[in-house]
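Everything on this sheet refers to the single structure shown next.
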Amino acid sequence: PTQPPTPAPTQPPTPMPTNDGQSGPQTASYDAVLQAPKCSYGSSCNSAGLLNGRGTINNGNEPNRPNTLNSCTDGNSGSYHGDESIDKIVVTRASGGDGDLTEGDFVTITATVWCWSTGSSDYIDFYYASDASNPDWNQIGPRQQCPGGGAQTITASYTLPPGSIQAVRANLMYGQNDAGVNNCVTGSYDDTDDLVISVKPNTASISASISEAAVRPGKHDDVQGAIEFSAKDAEADLLMNELKEMNTGGVKPAEGGDGSDGGKGKGKGKGKGKGKGKGGAGGSESTGTAALATDKYLCSKHEPLPATICADGSVADDTCSSQGQRCGKGGRKCWFTSGCPADDESSE
Numbered sequence: 037p038t039q040p041p042t043p044a045p046t047q048p049p050t051p052m053p054t055n056d057g058q059s060g061p062q063t064a065s066y067d068a069v070l071q072a073p074k075c076s077y078g079s080s081c082n083s084a085g086l087l088n089g090r091g092t093i094n095n096g097n098e099p100n101r102p103n104t105l106n107s108c109t110d111g112n113s114g115s116y117h118g119d120e121s122i123d124k125i126v127v128t129r130a131s132g133g134d135g136d137l138t139e140g141d142f143v144t145i146t147a148t149v150w151c152w153s154t155g156s157s158d159y160i161d162f163y164y165a166s167d168a169s170n171p172d173w174n175q176i177g178p179r180q181q182c183p184g185g186g187a188q189t190i191t192a193s194y195t196l197p198p199g200s201i202q203a204v205r206a207n208l209m210y211g212q213n214d215a216g217v218n219n220c221v222t223g224s225y226d227d228t229d230d231l232v233i234s235v236k237p238n239t240a241s242i243s244a245s246i247s248e249a250a251v252r253p254g255k256h257d258d259v260q261g262a263i264e265f266s267a268k269d270a271e272a273d274l275l276m277n278e279l280k281e282m283n284t285g286g287v288k289p290a291e292g293g294d295g296s297d298g299g300k301g302k303g304k305g306k307g308k309g310k311g312k313g314k315g316g317a318g319g320s321e322s323t324g325t326a327a328l329a330t331d332k333y334l335c336s337k338h339e340p341l342p343a344t345i346c347a348d349g350s351v352a353d354d355t356c357s358s359q360g361q362r363c364g365k366g367g368r369k370c371w372f373t374s375g376c377p378a379d380d381e382s383s384e
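Below is the structure:
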C-alpha cells in the first residue's frame, strides 16, 4: 500500500520583539503639539541641534524657536557665539546604566551654552515639570553663574517625580532677573529652552520616598532643594538691582568691560559707571562676622540633595554619627554633607 506523505513540521510563530526596558540613548525630535523637542523612552535624552542658537540672532536662528512649552520669547539681540545662547540640553541618569529613565531616578541635566565675554555677566536657572502638557515649573538648586566665557557646560541634578511625559527647562540670562510669567526670562540677550522626556512608571510605590527625600521643601528651600534668591543685606540688594538693570537695559559694554575688574569697569547703569559683569561683585567687601561652616545630617530613605541636608538637617548627634547609619523606620539612613552655613542664631 502507498504510504501517505510525511507532513512538514509546523514552524512555531516568530515571537514579537519585546522592550526589556533598555531602549538606549535617545535623540529628540520636534513635537509640534508641545512645541519643544521630545524624546521617547530611553536611558538618556539629547536635544542634539534642535536648540542650537537663540531667537533670530545673526547667524544663529534657533530652529522652531522658542522651543518652550509656554511660548516664552527669546531675546534677539547680539550674534551667534558672540553672545548668549543655549545650544544643547541632555538629560541622563546620574548613575549611568542602560535602563530607560524611570520615576524615582536621580538624573543630571547638562546644558551646553555660550557665555558672553568672561562669563561673569551670565547666569542660568534650571527647572523641571512633572507634566509637560500642563507644566508647573520647579526650580532645581540655586541660580548658577557661567564658569567662563565661550562654550560652557553647566549641570543640575534632581529626582524624577511621578509622571509619564515630563520636561526640563534652562533659562540663560545676561545679568539677572526674576523669571516672569510661566518662568520665562525676557531680556534682550536671554534664552529659554525646554526638553521633553518620556519616563517609565516605577513598579514600586515611590510617592512617599520622593515626597520625603526630594520634594519636601525646607525652611530655606523650594522643591528639590531650590534655594530662592533673596538678598540678605543692603549690599546684596544693590548688587541684585544692578544685575537686573543689566538684564533689562538691553545694551552691553565693550567686551572686556563687564565689571570683572571689581565692578568699576565700563558701565551703563544709572550713568554712574557701575560694572556690568558681576554687577560689581568683584569689588564688594563683606561686613560683619562670617558664620562658620558645619556638617549636618538628614535621616532619609533616599539620598537627598546637599542643599536639602543643609536646610532641613541637624548637626551630628547620637541619632546619626556616621554616613549610612540606620535611623528611624522604613529603611531610613543617615546622609551627611559638609560646609553648611551655621544657623543664624548660632552665628551671632
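Taking this note's numbering, the leading residue of the sequence shown gets 37, the next gets one more, and so forth.
Here a beta-carbon is modelled for each residue, glycine too, at the ideal position from N, C-alpha and C.
Just so you know, these numbers come straight off a predicted model, no measurement behind them.
Would the stretch 132–142 count as touching the stretch 169–176 if we require 3 or more Cβ pairs under 8 Å?
no
Residue 274 - DSSP class collapsed to helix/strand/coil
helix
DSSP three-state label for residue 287, please.
In the structure shown, the three-state DSSP call for residue 287 is coil.
Using beta-carbon positions only, say whether residue 163 and residue 205 come within less than 8 Å of one another.
Contact annotation: residue 163 and residue 205 have beta-carbon atoms nearer than 8 Å.
Roughly how many angstroms lie between the CA atoms of residue 147 and residue 192, to the nearest whole one?
9 Å
Have a look at residue 375 and residue 346 and give me their C-alpha separation to the nearest angstrom.
In a straight line, the C-alpha of residue 375 is about 8 Å away from that of residue 346.
Simplified DSSP state of residue 218, which is helix, strand or coil
helix
Could you please give me the residues that DSSP links to residue 282 through a beta bridge?
BP columns for residue 282 are empty, so no partner.
Would you give the residue range spanned by the alpha helix (DSSP H) that residue 347 belongs to?
342–348
Can you name, in chain order, every residue of its own chain whose Cβ lies under 7 Å from the Cβ of residue 188, other than the five neighbours on each side?
Closer than 7 Å at Cβ, skipping near neighbours: 149, 151, 155 and 182.
Taking the continuous beta strand (DSSP E) assigned at residue 225, which residues delimit it?
Note, residue 225: premise wrong, no beta strand (DSSP E); not H, not E.
If you draw a straight line from the C-alpha of residue 92 to the C-alpha of residue 117, how long is it?
Spanning the two alpha carbons is a distance of roughly 13 Å.
Can you tell me the Cα-Cα spacing of residue 278 and residue 284, whole angstroms?
Rounded to whole angstroms, residue 278 and residue 284 show a C-alpha spacing of 10 Å.
Count the other CB atoms, across all protein chains shown, that sit within 10 Å of the CB of residue 307; report buried if there are 16 or more and exposed otherwise.
Confidence at residue 307 is low in this model, with a pLDDT of 36, below 50, so its placement is unreliable and the value that follows should be read with caution. Residue 307 is exposed by the Cβ-count criterion.
I need the straight-line Cα distance from residue 61 to residue 128, nearest angstrom please.
Going by the C-alpha atoms only, they are around 9 Å apart.
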